[in-house]
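Counting in the numbering used here, the sequence shown runs from 3 upward without gaps.
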Amino acid sequence: MYRISVVILAIFPIIAAPELFVFLGTGDAKAAPEGKAPDFVLKDLQGGKFKLSNYKGKPVLLIFGTTWCPYCRDDIPRLKDIYNGYVKKGLIMANIDIQESRDRVSRFADKYKLPYLVLLDETADVAKSYGVQGVPTMVLIDQKGMVVCRRCPSVEPLLDKMLRE
Numbered sequence: 003m004y005r006i007s008v009v010i011l012a013i014f015p016i017i018a019a020p021e022l023f024v025f026l027g028t029g030d031a032k033a034a035p036e037g038k039a040p041d042f043v044l045k046d047l048q049g050g051k052f053k054l055s056n057y058k059g060k061p062v063l064l065i066f067g068t069t070w071c072p073y074c075r076d077d078i079p080r081l082k083d084i085y086n087g088y089v090k091k092g093l094i095m096a097n098i099d100i101q102e103s104r105d106r107v108s109r110f111a112d113k114y115k116l117p118y119l120v121l122l123d124e125t126a127d128v129a130k131s132y133g134v135q136g137v138p139t140m141v142l143i144d145q146k147g148m149v150v151c152r153r154c155p156s157v158e159p160l161l162d163k164m165l166r167e
């Protein structure tokens with residue numbers, strides 16, 4: 003039994019490494035620091051297209067995540083509060099799901115009753131362009147299309163300031 007456990011422990015990192023590699027160290031360190039937000043087009047769950055540059059003039063909060071991430075699930079109540087508190091003030095908020103099927107993400111969005119946009123980054127290209135190295139990652143973009151915070155611990159004070167101006 004001990005030998006089997008040792009073998010499993012030795013093999014697990016090799017099997018898990020490709021999945022983890024997507025989120026650990028694949029982001030370009032120069033990608034989307036505070037500065038101009040890279041434009042992108044992604045499909046939503048209904049097949050429509052979301053183009054970031056169409057929302058210039060409004061603050062945009064991007065939440066990069068996955069359905070299997072426990073921290074992403076734990077953040078949902080807080081994200082719903084942010085959405086409910088700021089959507090009427092002009093906030094555009096989108097969850098960007100990384101490398102998962104539309105069906106799986108749709109079931110997740112329905113289960114948790116996500117009120118904000120849910121977008122599919124099937125190739126992880128958008129996540130890479132924003133330097134996402136782990137999930138969840140929040141990116142706040144101001145009305146001028148500039149990244150003002152990446153990996154934001156708290157966006158409410160920044161949103162209050164942006165929406166006052």
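Even for Gly, the Cβ is constructed at its ideal location relative to N, Cα and C.
Secondary structure at residue 129: helix, using DSSP grouped into helix, strand and coil. Counting along the chain, the unbroken beta strand (DSSP E) around residue 51 starts and ends at 51 to 53.
For residue 97, the enclosing beta strand (DSSP E) covers residues 94 to 100. Contact between residue 149 and residue 67 is ruled out by a C-beta separation of about 18 Å, above the 8 Å threshold.
When DSSP reads this structure, residue 81 sits in no beta bridge, so it has no partner.
Distance from residue 142 to residue 98 at the Cβ level is roughly 13 Å; contact not present, criterion being Cβ atoms closer than 8 Å.
A distance below 8 Å between beta-carbons, with the five flanking residues on each side excluded, links residue 78 to the following residues of its chain, in chain order: 114, 116.
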